[in-house]
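Following: one structure in structure tokens, then a few remarks.
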Amino acid sequence: MIKKVDHIGIAVKSIEETLPFYTDVLSLTLLAIEEVDSQKVKVAFLKAGETKIELLEATSKESPIADFIGKRGEGIHHMALGVASIEDRIAEMKEQGIRMIDNEPRLGAGGAHIAFMHPKSAAGVLIELCEKKGDGGLE
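Numbering (my numbering), first residue to last: 2 to 140.
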């Protein structure tokens, strides 16, 4: 069912200000920076071994990331789990009584198909299911 921990999402006020910590201090490799207009975020992916770190910066006050930072401050936002057949995983979660934020996959960063579980169904953790069609340039 779960192939791997794909990435850990970290909400930040500014990718530009935060990125040097990850690239210069931790020596992680920057893979890509892109904007995901549908989610009102700018993201930076960094390679951390077999997993990636995704820095998330709001591009609008209406962004879920802006809301998150306003309520909780910067920090870990979500954990993304790589899956095969995201549609099947969503159906399985719903069959098991898991509350989904996304009942259908949507397009995320790097061309991945994503769907979020509601944190109330996962001990307060926002979990993203993530299926990549190819490597999306981020593998």
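Quick reminder that beta carbons are idealized off the backbone N, C-alpha and C, glycines included.
Check                                                                                                    : Outcome
Simplified DSSP state of Ile173, which is helix, strand or coil                                          : Past the boundaries of the shown model lies residue 173; the chain is included only from 2 to 140, so the question cannot be answered.
Classification of Asp7 by the beta-carbon crowding that lies within 10 angstroms, buried from 16 upward  : buried
Ranges of the beta strand (DSSP E) found wholly within the region 2-64, counting only runs of at least 3 : 3-12, 30-37, 42-49, 52-59
Touch test, the region 7-23 against the region 39-57, Cβ-Cβ under 8 Å, three pairs minimum               : yes
Reference Leu31, options Val44, Leu82, Met80, closest by Cα                                              : Val44
Whole-angstrom distance between Ala85 and Asp68, CA atom to CA atom                                      : 30 Å
Where the beta strand (DSSP E) containing Met118 begins and where it ends                                : 114-118
As assigned by DSSP and simplified to three states, the class of Leu139                                  : Unreliable placement is indicated for Leu139, whose pLDDT of 46 sits below 50; the coordinate value is still reported in the next sentence. Coil, per DSSP.
Host beta strand (DSSP E) of Glu132 (start-end)                                                          : 128-132
Cross-strand partners of Gly76 (DSSP beta bridge)                                                        : Ala12
Collapsed DSSP secondary structure at Arg107 in the structure displayed                                  : strand
Three-state secondary structure assigned by DSSP to Ala67                                                : helix
Same chain, Cβ closer than 8 Å to Glu36, neighbours up to 5 away in sequence not counted                 : Val42, Lys43, Val44, Thr60
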